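Peer 1:
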Amino acid sequence: MTSKYESPLSSRYASEYMLKLFSSDTRYKTWRKLWVSLAKAEKSLGLSITDEQIAQLEANIDNIDYECVSRREAEVRHDVMAHVYAYGVVAPKAAGVIHLGATSCYVTDNADIVIYRDALIYIKKELKKVIANLADFSEKYKALPTLGYTHYQPAQLVTVGKRATLWIQDFVSDLEEIDFILENLKFLGCRGTTGTEASFVELFDGDTAKIDKMNEMIASDFGFKRRFSVCGQTYPRKLDSRILSTLSAVAQSAYRMANDIRLLQHDRQVEEPFEKNQIGSSAMAYKRNPMRSERICSLSRYLISDVTNAAMTASTQWLERTLDDSANRRISMPEGFLCADAVLRLCQNVTDGLHVNEKIIERTVREYLPFIATENLMMEAAKKGGNRQELHEIIRKCSMKATEEMKNGGSCDLLKFLSAEPQFGLKLEEMEQLLTPSMYIGRCAEQVENYLNEIKPLIADVEHSTAEITL
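Set out below in structure tokens:
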């Protein structure tokens, strides 16, 4: 417990990996790695920086005196310069070359890009686990008939596994978007106060080839092959918008799946995991609320709305730089990633333990199957000489009558009503032979098999696991 406010994303929901990745410690150590990379590149390109200075910088990357930083920032009111000062205190021989030619965004923006890249790689891995869980589920139930719904009204039969492929397909679309961002992610480099690299033109005596080489070397140190061709002081905030839009897409898919599970749990057809000693309600001891799926939906709503922060920031950047992005980005970007992480951890947990109540599904199918089979019944009656239009009218009238009976609490007596119509020409026993559920699922099992074969390469490297979550 703490006496100060703590984000629930850090105290309850997000993984240790993501909490560490977005910690201040990771951020500031990345700043120091960027300063080391800059000094190395500048030295190799002829500036007066010694091996001893670089060695001292490298030896103190993790040696951050945060009290020193805090005291200095209180004096100068500038976080980056406070860290430059503190770094120089522990690496005094290199103090004069730290941040040489750079502006603050060299460390702040490049560090953010590095962290976001690593976070996207992690999110991708977690997303693939959800897809793998659902693939196993879909394979297991690929041929189990269940009532399909359109407009949340009873429709034709599908299968439990086929329905799950709809969820998978959404998540695979998100995976493709993440891959696109990672493949096209660019590094900022060291570009100066307005993106003109003017300070380095001075440092390298007008040798612009050395500037390009310096930026190439720094980008390579951090695993980037591409850099933004042009920029202001910062990297384009369109990148943030693209990233949060993709995280929002993950949330949209998760919400859709979790909401479906909530609807199905209401009908007791499918249930999310429920622990042996779990309490569903403080008042109603019998309750089995779909609290994990509800939490997925709740967090997903937050993430879906978070994308507007990046969109507004990207659209309101003034000329070469404005600082009204900073405070917003400090909140919206890390929280967006932590929320996506939390949503996927919950999705892993739910999809790893989905329980299918086959008897209830079978009962529901049996209840509606006479309606679903009416076209087949009509064709069979037509084969025996019936008039298609007359048969259709008989089915319509009997269906309305059977529906009315069901609304008044009775059973579905459609077949009984049809067998009582001499013009329909089919006996009750003949019609019952046409009520085999597997006859009405179309190509569901085949579609599942084909789709799972299609996505198998995407999840070939996934090891089975389920995320531990805080209930």
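Numbering (the working numbering), first residue to last: 42 to 512. Think of the CB as a built atom: it goes at the ideal place given N, C-alpha and C, for glycine as much as any other residue. The structure presented is a predicted model; accordingly, all values stated were derived computationally and were not measured.
Per DSSP, what kind of secondary structure is H140 in: helix, strand or coil?
Peer 2: It is coil, neither helix nor strand.
Peer 1: Closest to R73 by CA distance: which of S89, A100, L50 and T91 is it?
Peer 2: A100
Peer 1: Can the beta-carbon of V406 be found closer than 8 angstroms to that of L188?
Peer 2: Their beta carbons are under 8 angstroms apart, which means V406 touches L188 by this criterion.
Peer 1: Beta carbon of R158, beta carbon of L62: below 8 angstroms?
Peer 2: no
Peer 1: Quick one: is R278 buried, meaning 16 or more other Cβ sit within 10 Å of its Cβ, or exposed?
Peer 2: Classified as buried, R278 has 16 or more neighbouring CB atoms from the shown chains inside 10 Å of its CB.
Peer 1: According to DSSP, simplified to helix, strand and coil, what is P195?
Peer 2: strand
Peer 1: Kindly indicate which three-state DSSP category T249 falls into: helix, strand or coil?
Peer 2: helix
Peer 1: Can you grab the Cα-Cα spacing for the pair T477 / R303, in whole Å?
Peer 2: 28 angstroms
Peer 1: Quick one: residues in its chain with C-beta nearer than 8 angstroms to the C-beta of G273, no 5 flanking neighbours on either side, listed in chain order?
Peer 2: T235, G236, Q358, L360, E361 and R362
Peer 1: What residue from A383, N350 and A381 has the CA that sits closest to S367's CA?
Peer 2: N350
Peer 1: Quick one: using the 10 Å Cβ neighbour count with 16 as the cut-off for buried, is K328 buried or exposed?
Peer 2: The predicted position of K328 is uncertain, since its pLDDT is 48 and thus under 50; a value taken from the coordinates is nonetheless stated next. Result: exposed.
Peer 1: What are the boundary residues of the alpha helix (DSSP H) that includes S52?
Peer 2: Per DSSP, S52 belongs to no alpha helix (DSSP H) and is neither H nor E.
Peer 1: Counting pairs of Cβ atoms below 8 angstroms between the segment 141 to 157 and the segment 76 to 88, do you hit three or more?
Peer 2: Short answer: they touch.
Peer 1: If contact is defined by three or more beta carbon pairs under 8 angstroms, each pair taking one atom from either stretch, is the segment 284 to 294 in contact with the segment 215 to 231?
Peer 2: yes
Peer 1: Name the residue from M258, N417 and T275 whose alpha carbon lies nearest to the alpha carbon of D365.
Peer 2: T275
Peer 1: Between the Cα of T91 and those of P133, S111 and R113, spot the shortest distance and give me the residue it belongs to.
Peer 2: P133
Peer 1: In whole angstroms, what is the alpha-carbon distance linking F245 and K81?
Peer 2: 15 angstroms
Peer 1: Does the distance from the C-beta atom of E123 to that of V138 stay below 8 angstroms?
Peer 2: The question names Glu, but residue 123 is Ala in the sequence shown. No, these two residues do not count as a Cβ contact at 8 angstroms.
Peer 1: Tell me the rounded alpha-carbon separation between K45 and A383.
Peer 2: 22 angstroms
Peer 1: Tell me which residue opens and which closes the alpha helix (DSSP H) that K45 is part of.
Peer 2: Counting along the chain, K45 falls outside any alpha helix (DSSP H), and DSSP gives it neither H nor E.
Peer 1: Using CA atoms only, rank isn't needed, just tell me which of M255, T206 and S286 is closest to L175.
Peer 2: T206
Peer 1: For the putative contact between E312 and N398, defined by C-beta atoms under 8 angstroms, what is the C-beta separation to the nearest angstrom?
Peer 2: 7 angstroms
Peer 1: Terminal residues of the continuous alpha helix (DSSP H) containing T275?
Peer 2: No alpha helix (DSSP H) contains T275, which DSSP labels as neither H nor E.
Peer 1: Taking 8 angstroms as the cut-off, does the segment 489 to 498 touch the segment 445 to 465 (at least 3 CB pairs, one atom from each stretch)?
Peer 2: Not touching, per the Cβ criterion.
Peer 1: Determine whether the beta carbon atoms of K181 and G202 lie at a separation below 8 angstroms.
Peer 2: yes
Peer 1: Ordered along the chain, which non-local residues of its own chain (more than five positions away) have a Cβ less than 7 angstroms from that of D103?
Peer 2: Non-local C-beta neighbours of D103 in its own chain, meaning closer than 7 angstroms and more than five positions away in sequence, comprise K70, ordered along the chain.
Peer 1: Counting Cβ pairs closer than 8 angstroms, one from the segment 409 to 416 and one from the segment 436 to 445, do we hit at least three?
Peer 2: Because the criterion of three Cβ pairs below 8 angstroms is met, the segment 409 to 416 and the segment 436 to 445 touch.
Peer 1: By Cβ distance, which residues of its chain are closer than 8 angstroms to V271, with the 5 residues on each side in sequence left out?
Peer 2: G236
Peer 1: Can you look up H505 in the DSSP assignment and give me helix, strand or coil?
Peer 2: Annotated three-state conformation of H505 is coil, per DSSP.
Peer 1: Would you tell me roughly how many angstroms separate the C-alpha atoms of S322 and R336, rounded to the nearest one?
Peer 2: Per-residue confidence for S322 stands at a pLDDT of 49, beneath the threshold of 50, marking its modelled position as unreliable; no derived number is given.
Peer 1: Let's see if you can read the secondary structure: which residues bound the alpha helix (DSSP H) around C338?
Peer 2: M332 to S356
Peer 1: On the CB-based measure, 16 or more other CB atoms within 10 Å of its CB, does V125 come out buried or exposed?
Peer 2: buried
Peer 1: Just verifying my parser: in three-state terms, what is the DSSP assignment at P314?
Peer 2: In the three-state reduction of the DSSP assignment, P314 falls in the coil class, being assigned neither a helical nor a strand state.
Peer 1: For the putative contact between T67 and I482, defined by C-beta atoms under 8 angstroms, what is the C-beta separation to the nearest angstrom?
Peer 2: The pair is not a contact, with the Cβ atoms about 51 angstroms apart (cut-off 8 angstroms).
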